[in-house]
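Numbering (the working numbering), first residue to last: 3 to 406.
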Ligand SMILES: Nc1nc2c(c(=O)[nH]1)N[C@H]1C(S)=C(S)[C@@H](COP(=O)(O)OP(=O)(O)OC[C@H]3O[C@@H](n4cnc5c(N)ncnc54)[C@H](O)[C@@H]3O)O[C@H]1N2
Ligand code: MOO
């Protein structure tokens, strides 16, 4: 078992043991938002399918119209009308024009367009007050070329990408099956909200934090309830589940004799690492137990959430095969000091706001791992390297919390 890893070493150890899920599901477009595309997708059609018009007006031969001016308009004979979806069947010849509407294919023979506001209609004729130009012709394939790949395996399906898949002709999309993530909280003292709180008890916050974080990261949260500080209870709850891709536990990973998650995986599994040089989240544990990866998150609510963001979310992204980074980093101006830890990298909770053309980071106050309200009040972590405190006015690196 490796111990006291840096955050980078811990992340690498997790990712090198995690393979993307190969199973795909085929979903209708409207159900695919937020999912991860499972294959590269090539356009089934070109868009525009053929050269078409970008404006309402008259299509004609540019050469006929070069001398047109408001006081010396050029007259053309209108030989047809073509709305979008109804191409003109004939051919435009010299001295002729076809009235077209936005999205109509450019009539054969025509090479330019004049907008309707630059014309005057008179019966079967139209007066052009300006020369026609090709500027309002949209070229075939300027958006999509048939056969070319525009969406890639691992792309998160944003509204723009689902719309593009629709434009490319796909009614359904192959998406990666969501990772099934079992979530187990541990601790004799942990009580469900709604129950009376016994002396020394604490309401289960972590189970809900992790359910939300897993769903937001693209996983399927599977709550496994709570195990008491008892090996048998823990084992039973972790085995009475359907198939899972990952086990997340909260609590029971530090030094105490009741730290049963750690004891169980030490006895019955393979511990890949325990303890990372970060704060909060120092006691983080990663193991394989009964063939399943198990990420043992520390019980303090802030520690559980921060370690999920830094390690659990990248693990889920790897299972999904996602292309985008699991979290962003940006620079911000510290508005308050951010304390360092002497030997570990600290992740301080902060309120990040955009003002005066830059991000500014303000500490949420007490940085104790028990202060869960710092996660509700704050919207980012400020990274403080070991032994290097940040003063107000310095530039810091911030990791915004993912939306959702
Ligand atoms: N002697 C040492 N003690 C501790 C160390 C250490 O290095 N040496 N590390 C401390 C750190 S740092 C952390 S973080 C915690 C992590 O401990 P565990 O993961 O074993 O967690 P527990 O002891 O079970 O619980 C810690 C804390 O969190 C509360 N908790 C637990 N589950 C929930 C839940 N579902 N919802 C809300 N709150 C929860 C629990 O009541 C405890 O207060 O260990 C330190 N100790
Ligand atoms: O690291 Mo513990 O995670 O400080 O509370």
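All C-beta atoms in this analysis are idealised placements derived from N, C-alpha and C, irrespective of residue type, glycine included.
For residue 213, DSSP records no beta bridge to any residue. In the displayed model, residue 357 falls within a strand according to three-state DSSP. With fewer than 16 other beta carbons inside 10 angstroms of its own, residue 5 counts as exposed. With fewer than 16 other CB atoms across the displayed protein chains lying within 10 angstroms of its CB, residue 194 is exposed. Judged by pairs of C-beta atoms under 8 Å, the stretch 53-63 touches the stretch 134-144, as three or more such pairs exist. Setting aside the 5 residues that flank it on each side, residue 395 is surrounded in the same chain by 335 and 336, each with a C-beta closer than 8 Å to its C-beta; the list follows chain order. Taken through DSSP and simplified to helix, strand or coil, residue 138 comes out as helix. Taking each of 252, 238 and 397 in turn and checking the Cα distance to residue 360, the smallest one comes out for 397.
Relative to ligand 2, the nearest heavy atom lies less than 7 Å away from the CB of residue 281.
Between the C-alpha atoms of residue 158 and residue 368 there is a straight-line separation of about 36 Å.
Proximity to residue 326 across 21, 17, 38 and 28 peaks at 38, based on C-alpha coordinates.
Under the three-state reduction of DSSP output, residue 379 falls in the helix class. Check the Cα spacing between residue 225 and each of 186, 73 and 129: the tightest is with 186.
Between the alpha carbons of residue 272 and residue 3 lies a gap of roughly 8 Å.
DSSP places residue 52 in the coil class of the three-state scheme, outside both helix and strand. Residue 284 has its alpha-carbon roughly 15 Å from the corresponding atom of residue 263. By the Cβ test, the stretch 114-132 is not in contact with the stretch 21-33, since fewer than three Cβ pairs between them sit closer than 8 Å.
For the pair residue 227 and residue 365, the Cα-to-Cα distance works out to about 34 Å.
One Cα belongs to residue 230, the other to residue 188, and the distance between them is close to 6 Å.
Using a C-beta cut-off of 8 Å, the stretch 96-105 makes contact with the stretch 68-79, since at least three inter-stretch Cβ pairs fall below that distance. Straight-line spacing of the CA atoms in residue 215 and residue 390 works out to 30 Å. Nearest to residue 36 by alpha-carbon distance, out of 161, 133 and 318, is 161. In the DSSP annotation of this structure, the continuous segment of the alpha helix (DSSP H) that includes residue 319 starts and ends at 315-322.
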